[in-house]
Amino acid sequence: PKLHYPITLAVEDVHYQYPGSSKEVLVGIDLKLAPGDKIAILGRSGSGKSTLANLIRGDLLATQGKITLNNVETHQFGDTISQYLGVIHQTPYLFHTTLANNLRIGRETAVDNELWSVLERVGLKNLVEKLPDKLETMVDEAGLRFSGGERQRLALARILLQEVPIILLDEPTVGLDPVTEQQLINTFFKELQDKTIIWITHHLQGIEAMDQVVFIEDGELAMQGTPNEL
Ligand code: ATP
Ligand code: MG
309 PKLHYPITLA VEDVHYQYPG SSKEVLVGID LKLAPGDKIA ILGRSGSGKS TLANLIRGDL
369 LATQGKITLN NVETHQFGDT ISQYLGVIHQ TPYLFHTTLA NNLRIGRETA VDNELWSVLE
429 RVGLKNLVEK LPDKLETMVD EAGLRFSGGE RQRLALARIL LQEVPIILLD EPTVGLDPVT
489 EQQLINTFFK ELQDKTIIWI THHLQGIEAM DQVVFIEDGE LAMQGTPNEL
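Using full-length UniProt numbering, the letters of the sequence shown correspond one by one to residues 309 to 538.
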């Protein structure tokens, strides 16, 4: 499906039960995100946050209810969902190829200048300039030559190249020290100002930057409000 901008994301009465499981993980979730809206989704480990993320991306199909972008159900997009929705996971995928190729997964046609420009925006230009092979540096799948925070910055750089309207962040700062975490959050919000953001997290650091905060508890949205109200 081809969508016209602006794009609104709607989650309507979504239920989900894993096959073989006896209990629903999500029990009637409703959310509506207008273009540029920023929402934080909080909840304890196992509360269903990543399940909701996978439903939004269309990787799982709701057992009841629906999730749509401009009224088209997300599971109908297949891989083309990545034109509209970018995801940054806790452990970003890197490939055993050059740094440039890893970034170009966001947009194959990007020229070197564009790669340098996004590297600068995410604060990695200096680091890459100092590598002997610069953009041609080989990366292994685990991305071990980069720290956790640097890998997240690479994932963000890739997303920036894609210029997608909606970004889903599934605990991208887990495992980082508080200072690195705050720096990364600042970079995310500065660079993604005009995007719709869904930010899944299990703690409160950084949520002041969001318009809306919701908690998932026992599969339901337990609390909903602005960061100041909560
Ligand atoms: P965390 O904060 O630890 O990442 P989460 O809120 O993202 O947790 P989910 O990964 O969505 O939680 O998991 C929600 C529940 O669904 C958990 O009880 C989990 O065990 C269960 N679950 C997750 N994936 C599957 C699966 N593939 N099959 C069966 N149950 C699953
Ligand atoms: Mg999770």
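By construction, the Cβ of each residue, glycine as well, lies at the ideal position given by its N, Cα and C atoms.
On a Cα-Cα basis, can you pick out the residue from 494, 486, 475 that is closest to residue 431? If you number the sequence shown from 1, residue 431 lands on position 123. When each option's Cα is compared against that of residue 431, the closest is 494.
Can you tell me whether DSSP reads residue 387 as helix, strand or coil? On the sequence shown, residue 387 is found 79 positions in, with the first residue counted as 1. It is helical.
In the DSSP assignment, find the alpha helix (DSSP H) that holds residue 496 and state where it starts and stops. The residue you call residue 496 lines up with position 188 of the sequence shown. Counting along the chain, the alpha helix (DSSP H) containing residue 496 begins and ends at 486-499.
N-terminal and C-terminal residue of the alpha helix (DSSP H) that residue 438 is part of: The residue you call residue 438 lines up with position 130 of the sequence shown. Judged by DSSP secondary structure, residue 438 falls within the alpha helix (DSSP H) whose first and last residues are 433-438.
Does at least one heavy atom of ligand 2 sit under 6 Å from the Cβ of residue 346? Locating residue 346 in the sequence shown gives position 38, where the first residue counts as 1. Not under cutoff, so the answer is no.
Take residue 507 and list the residues in its own chain whose beta-carbon comes closer than 6 Å to its own, dropping the five residues that flank it on each side. In the sequence shown, the residue the question calls residue 507 occupies position 199. Within its own chain, the residues whose Cβ lies closer than 6 Å to the Cβ of residue 507, once the five positions on either side in sequence are excluded, are 348, 477, listed in chain order.
Looking at residue 509 and residue 479, is the spacing between their C-beta atoms short of 7 Å? Numbered from 1 along the sequence shown, position 171 holds the residue referred to as residue 479. Numbered from 1 along the sequence shown, position 201 holds the residue referred to as residue 509. The answer is yes: Cβ separation under 7 Å.
If you measure from the CB of residue 330, is any heavy atom of ligand 1 nearer than 6 Å? The residue you call residue 330 lines up with position 22 of the sequence shown. For ligand 1, not one heavy atom lies less than 6 Å from the Cβ of residue 330.
Whole-angstrom Cβ separation of residue 400 and residue 484, contact assumed at under 8 Å? Within the sequence shown, numbered from 1, the residue matching residue 400 stands at position 92. Within the sequence shown, numbered from 1, the residue matching residue 484 stands at position 176. At roughly 13 Å, the Cβ-Cβ gap does not stay under 8 Å, so residue 400 and residue 484 are not in contact.
Exercise answer, beta-carbon shell around ligand 1 heavy atoms below 6 Å: Qualifying residues come out as 326, 329, 333, 351, 353, 354, 355, 356, 357, 358, 359, 510.
CB contact flag (residue 323, residue 372, <7 Å): The residue you call residue 323 lines up with position 15 of the sequence shown. The residue you call residue 372 lines up with position 64 of the sequence shown. Yes, they are a contact pair.
Where does residue 446 land, buried or exposed, given buried means 16+ other C-beta within 10 angstroms? Within the sequence shown, the letter at position 138 stands for residue 446. Residue 446 comes out exposed.
Look at the Cβ atom of residue 423, then the Cβ atom of residue 443, and state whether they are nearer than 7 Å. Here residue 423 corresponds to residue number 115 of the sequence shown, with the count starting at 1. Here residue 443 corresponds to residue number 135 of the sequence shown, with the count starting at 1. Closer than 7 Å, so yes.
Of all the CB atoms in chain B, is at least one closer than 7 Å to the CB of residue 490? The structure shown contains no chain B; it is built from a single protein chain.
Between the CA atoms of residue 521 and residue 355 - distance to the nearest angstrom: Along the sequence shown, read from residue 1 onward, the residue named residue 355 stands at position 47. Along the sequence shown, read from residue 1 onward, the residue named residue 521 stands at position 213. The alpha-carbon separation between residue 355 and residue 521 amounts to approximately 15 Å.
Which residues share a DSSP beta bridge with residue 504? Walking along the sequence shown from the start, residue 504 turns up at place 196. Bridge partners of residue 504: 474.
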